[in-house]
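**Q**
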Amino acid sequence: MNTKGLSLNTIPPVSIPLRFFLTAPLFGVLAAMMVLYFGQDIWGSRWQARSLALTHLLTIGFMLMVMIGALYQFIPVMIGQLIPGGRKRVAIVHLFLVFGSLSLMSAFLIQETILFQLALISLAVSVFLFALSLLPLLITQLNDHLIVYLIRILFCVLIVTIGLGLFMLLAYAYPNLIINYREYTDIHASWGLIGWVVILIMAVSSQVIPMFFVTPDFSVKYLKILSLLIVLTLAMMSLMALTKIDIQAILNLLLSIELSFFTIYTLQLINQRKRKIPDITVSFWRVSLFSLMISIVYWWLLVLGTNSELIPLKWSSQSEFTLGLLLIYGLAISAIIGMLQKIVPFLLYLNLQNLSFKHPDSMSAEPKLVLNMKQIITNQQSKVQFVLHISSYLLLLISIYWVKFTWLAGLVVLINFSWLFITLLRGFILFSKKRKAILMHPEMKMEFTFNK
Ligand code: HEM
Numbered sequence: 011m012n013t014k015g016l017s018l019n020t021i022p023p024v025s026i027p028l029r030f031f032l033t034a035p036l037f038g039v040l041a042a043m044m045v046l047y048f049g050q051d052i053w054g055s056r057w058q059a060r061s062l063a064l065t066h067l068l069t070i071g072f073m074l075m076v077m078i079g080a081l082y083q084f085i086p087v088m089i090g091q092l093i094p095g096g097r098k099r100v101a102i103v104h105l106f107l108v109f110g111s112l113s114l115m116s117a118f119l120i121q122e123t124i125l126f127q128l129a130l131i132s133l134a135v136s137v138f139l140f141a142l143s144l145l146p147l148l149i150t151q152l153n154d155h156l157i158v159y160l161i162r163i164l165f166c167v168l169i170v171t172i173g174l175g176l177f178m179l180l181a182y183a184y185p186n187l188i189i190n191y192r193e194y195t196d197i198h199a200s201w202g203l204i205g206w207v208v209i210l211i212m213a214v215s216s217q218v219i220p221m222f223f224v225t226p227d228f229s230v231k232y233l234k235i236l237s238l239l240i241v242l243t244l245a246m247m248s249l250m251a252l253t254k255i256d257i258q259a260i261l262n263l264l265l266s267i268e269l270s271f272f273t274i275y276t277l278q279l280i281n282q283r284k285r286k287i288p289d290i291t292v293s294f295w296r297v298s299l300f301s302l303m304i305s306i307v308y309w310w311l312l313v314l315g316t317n318s319e320l321i322p323l324k325w326s327s328q329s330e331f332t333l334g335l336l337l338i339y340g341l342a343i344s345a346i347i348g349m350l351q352k353i354v355p356f357l358l359y360l361n362l363q364n365l366s367f368k369h370p371d372s373m374s375a376e377p378k379l380v381l382n383m384k385q386i387i388t389n390q391q392s393k394v395q396f397v398l399h400i401s402s403y404l405l406l407l408i409s410i411y412w413v414k415f416t417w418l419a420g421l422v423v424l425i426n427f428s429w430l431f432i433t434l435l436r437g438f439i440l441f442s443k444k445r446k447a448i449l450m451h452p453e454m455k456m457e458f459t460f461n462k
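Take any residue in the sequence shown, count from 1 to its spot, add 10: that is its number in my numbering.
1) Check for me: the alpha helix (DSSP H) holding S344 runs from which residue to which?
2) Using 8 Å as the limit for Cβ to Cβ distance, is R162 near chain C?
3) Exposed or buried, L265, counting other C-beta atoms within 10 Å across all chains shown (16 or more means buried)?
4) In three-state DSSP terms, what is I52?
5) With a threshold of 7 Å, establish whether the CB of T69 neighbours any heavy atom of the ligand HEM.
6) To the nearest angstrom, how far is it from the Cα of S306 to the Cα of A342?
7) Is any heavy atom of the ligand HEM found at a distance shorter than 7 Å from the C-beta of Y182?
8) M88 to Q127, Cα distance in whole Å?
9) Using a threshold of 8 Å, state whether the C-beta atoms of L350 and F72 are closer than that.
10) Output the distance between the C-alpha atoms of F356 and G348, rounded to the nearest integer angstrom.
11) Rounded to whole angstroms, what is the Cα-Cα separation between I464 and P94?
12) Just to confirm my understanding: we take A129, look at its own chain, exclude 5 residues before and 5 after, and list those with CB closer than 6 Å. What are they?
13) Suppose you measure from the CA of S326 to the CA of P185; what does that come to, to the nearest Å?
14) Return the residue from the list R99, A251, L269, T123 that minimises the CA-CA distance to F140.
15) Let's test the definition: count the other Cβ atoms within 10 Å of the Cβ of N361 and tell me whether it reaches 16, buried, or not, exposed.
16) Looking at the ligand HEM, does it come within less than 7 Å of Y191, judged from the CB to the closest heavy atom?
17) Could you tell me which of S329, I304, L302 sits nearest to L312, measuring between CA atoms?
18) Would you check if the distance between the CB atom of W417 and the CB atom of L398 is smaller than 8 Å?
19) Please state whether the Cβ-Cβ distance between F427 and G38 is less than 8 Å.
20) Start and end of the alpha helix (DSSP H) containing S326?
21) Run the proximity test for L176: is its beta-carbon closer than 7 Å to any non-hydrogen atom belonging to the ligand HEM?
22) Please tell me whether L147 and V230 are closer than 8 Å, where the distance is taken between their beta carbons.
23) So within the segment 21-80, which uninterrupted beta strand (DSSP E) runs reach at least 3 residues, ignoring any that extend past its ends?
24) Use the C-beta contact count for T459: other C-beta atoms within 10 angstroms, 16 or more gives buried, fewer gives exposed.
25) Hey, could you find the ends of the alpha helix (DSSP H) G110 is sitting in?
26) So, helix, strand or coil for I188, using DSSP?
27) Taking the beta carbon of F294 as the centre, do at least 16 other beta carbons fall within 10 Å, making it buried, or is it exposed?
28) Using the C-alpha atoms, what's the distance from W53 back to F331?
29) Which residues bound the alpha helix (DSSP H) around Y159?
30) Tell me, please, whether the segment 55-63 touches the segment 428-444 by the rule of three or more beta-carbon pairs shorter than 8 Å.
31) Is T332 near the ligand HEM, with its Cβ less than 7 Å from a heavy atom?
32) Do I219 and S237 come within 8 Å of each other at the CB atom, strictly closer than that value?
33) So, using beta-carbon positions, are P226 and L160 closer together than 8 Å?
34) What residue does the alpha helix (DSSP H) around A141 start on, and which one ends it?
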């Protein structure tokens, strides 16, 4: 593992990021239950409330949840400073995010105004408090660290995505306010799925891939320019969509080139890794990047096919679901599950190691009290996770066109997220046992002598 430039002593208490990581798979389980409950009706139309509920169980309940946890873990190790706000604020951010996601899902399903209002308030409080914690670091940390730069961009993209989301939610929560929110749905979706997801993956890849797979570092210049270009292209696309000026084709082409460049560049770096030993998390990354590539090709086929009437109109709904799945389940969730296989063991291992330095007698205990990463999540567990993930992904895609597979797809998605939850929980239980054992050893007292 390549840990140069990391502040390994500045790690947050395990309970801070882990609460987000352990809650996220439960939202995946809920999403699977929805697929099982609604069966083939889940693939009706993207505008149906159940579809919106499913989208946000995955995007807010799973993806945003993990992202916040990962930032609480990453930022201190990268820049040597904990995210301000303390444990109390973390607890509020987490609680409101859980409550907001659940209310939003129920609101879409039951169509109760009060639930939309609750979702609006809870999600706004959670995101606002988290942004408030992050902002001082992003303003004052003027060093040129790539991750700080990417997180700044991510922050702006998230403000647009979530700002638009909350604005549309306002229309649901207060129907008397006449807001023509449908104008913004596609803009919100593309900022979320292209801007946020891709730049998030860029930020995570730039740290995790060189560190865990020992590849050459990402070029800081490439990633800085690329992320900025993606944001500018999205901004222009949104402006064009609202003003109805038609240079969309050029912008689409530009965005496709930017995304393809990132995909090919990252795949090439992964291939140059020095540690050639088989590592299943590399496969998660490949699935994620190939999904992005396939979505670009698929999207162009759709545009060209629809324009030349090669694709029948009755397929348009299926195409939209396919694109959504490629981006949400394929691109984002594959990378996130792969990332969790690495960063959770790393967090638990570092915590045990730092604790054992304070209790030096514990280092000679047998069996060893500081677990290595592979004991926390084993290779076998990660392999099972990969098989479950890839089969659920393929089944979901198949079920859009052959709806009789929907139930099976839902079942495998359920097993996929349950396995993730069980794996992370088992790692945490192992960690807690070892932590307790280390604490039984006497703590080293620091003695200072002062010269008079
Ligand atoms: C606080 C956070 C968010 C809120 C309040 C929110 C709210 C909403 C609302 C109200 C809609 C429905 C618009 C309509 O009926 O036309 C919507 C659609 C959508 N949102 Fe969000 N959203 C949030 C975060 C996100 C994120 C982070 C993503 C993606 C990463 C996302 C992806 C989408 C997509 C893809 C759609 C369109 C769904 C479809 O076409 O079926 N949202 N959002």
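Glycine included, C-beta positions come from ideal geometry on N, C-alpha and C.
The structure displayed is predicted, hence computed values, not measured ones.
**A** Here's the rundown:
1) For this step, residue 344 is matched to residue 334 along the sequence shown. Here the alpha helix (DSSP H) through S344 covers 344-368.
2) The question asks about chain C, but that chain is absent: this structure has only one protein chain.
3) Numbered from its first residue, the sequence shown carries residue 265 at position 255. Buried, by the Cβ-count rule.
4) Translated into positions along the sequence shown, residue 52 becomes position 42. Three-state DSSP puts I52 in a helix.
5) Reading the sequence shown from its first residue, position 59 is the one you call residue 69. Short note on T69: C-beta closer than 7 Å to some heavy atom of the ligand HEM.
6) Position 296 of the sequence shown, counted from the start, is the residue given in the question as residue 306. Position 332 of the sequence shown, counted from the start, is the residue given in the question as residue 342. It is Ile, not Ser, that sits at residue 306 in the sequence shown. If you take the alpha carbons of I306 and A342, they lie about 15 Å apart.
7) As a position in the sequence shown, residue 182 is number 172, starting the count at 1. Yes, the Cβ of Y182 comes within 7 Å of a heavy atom of the ligand HEM.
8) Against the sequence shown, residue 88 aligns to sequence position 78. Against the sequence shown, residue 127 aligns to sequence position 117. When rounded, the separation of the alpha-carbon atoms in M88 and Q127 is 37 Å.
9) On the sequence shown, position 340 is the one that residue 350 refers to. On the sequence shown, position 62 is the one that residue 72 refers to. No, these two residues do not count as a Cβ contact at 8 Å.
10) On the sequence shown, position 346 is the one that residue 356 refers to. On the sequence shown, position 338 is the one that residue 348 refers to. Whole-angstrom Cα-Cα distance: 13 Å.
11) Outside the modelled stretch of the chain, which goes from 11 to 462, sits residue 464, for which no answer is possible.
12) In the sequence shown, the residue the question calls residue 129 occupies position 119. The residues are G110, S113, L114, A117.
13) Here the question's residue 326 lines up with position 316 in the sequence shown. Here the question's residue 185 lines up with position 175 in the sequence shown. Rounded to the nearest angstrom, the two C-alpha atoms are 29 Å apart.
14) The residue labelled residue 140 in the question sits at position 130 within the sequence shown. Comparing Cα-Cα distances from F140 to each of R99, A251, L269, T123, the minimum goes to R99.
15) For the purposes of this step, residue 361 is taken as residue 351 along the sequence shown, with counting starting at 1. Buried is the call here.
16) On the sequence shown, position 181 is the one that residue 191 refers to. Within the cutoff, so yes.
17) Position 302 of the sequence shown holds residue 312. L312 has its Cα closest to that of S329, out of S329, I304, L302.
18) On the sequence shown, residue 417 is found 407 positions in, with the first residue counted as 1. On the sequence shown, residue 398 is found 388 positions in, with the first residue counted as 1. The answer is no: Cβ separation not under 8 Å.
19) Residue 427 sits at position 417 when you count from the first residue of the sequence shown. Residue 38 sits at position 28 when you count from the first residue of the sequence shown. A contact, by the Cβ cut-off of 8 Å.
20) Working through the sequence shown from its first residue, we reach residue 326 at position 316. Where S326 is concerned, the enclosing alpha helix (DSSP H) stretches over 326-335.
21) What you label residue 176 is simply residue 166 of the sequence shown in a count that begins at 1. Flag set: Cβ of L176 near the ligand HEM.
22) Taking the first residue of the sequence shown as 1, we reach residue 147 at position 137. Taking the first residue of the sequence shown as 1, we reach residue 230 at position 220. For L147 and V230, no; Cβs fall outside 8 Å.
23) none
24) Residue 459 sits at position 449 when you count from the first residue of the sequence shown. Unreliable positioning characterises T459 in this predicted model, as indicated by a pLDDT of 46, which lies under 50. The coordinate reading is nonetheless provided below. By the neighbour-count rule (16 or more Cβ atoms within 10 Å), T459 is not buried but exposed.
25) Translated into the one-based positions of the sequence shown, residue 110 becomes position 100. Taken as a continuous stretch (DSSP letters only), the alpha helix (DSSP H) holding G110 covers 96-120.
26) Working through the sequence shown from its first residue, we reach residue 188 at position 178. Reduced to three states, the DSSP call for I188 is coil.
27) Mapped onto the sequence shown, residue 294 falls at position 284. F294 should be labelled buried.
28) As a working mapping, residue 331 is identified with position 321 in the sequence shown. As a working mapping, residue 53 is identified with position 43 in the sequence shown. Near 7 Å, if we compare the C-alpha coordinates of W53 and F331.
29) Here residue 159 is taken as the residue at index 149 of the sequence shown, counted from 1. Looking at the DSSP string, the run of the alpha helix (DSSP H) that includes Y159 is 156-183.
30) no
31) Locating residue 332 in the sequence shown gives position 322, where the first residue counts as 1. T332 Cβ: outside cutoff for every heavy atom of the ligand HEM.
32) Translated into the one-based positions of the sequence shown, residue 237 becomes position 227. Translated into the one-based positions of the sequence shown, residue 219 becomes position 209. No, the pair does not count as a contact, with Cβ atoms beyond the cut-off.
33) Within the sequence shown, the letter at position 216 stands for residue 226. Within the sequence shown, the letter at position 150 stands for residue 160. For P226 and L160, no; Cβs fall outside 8 Å.
34) Here the question's residue 141 lines up with position 131 in the sequence shown. For A141, the enclosing alpha helix (DSSP H) covers residues 123-150.
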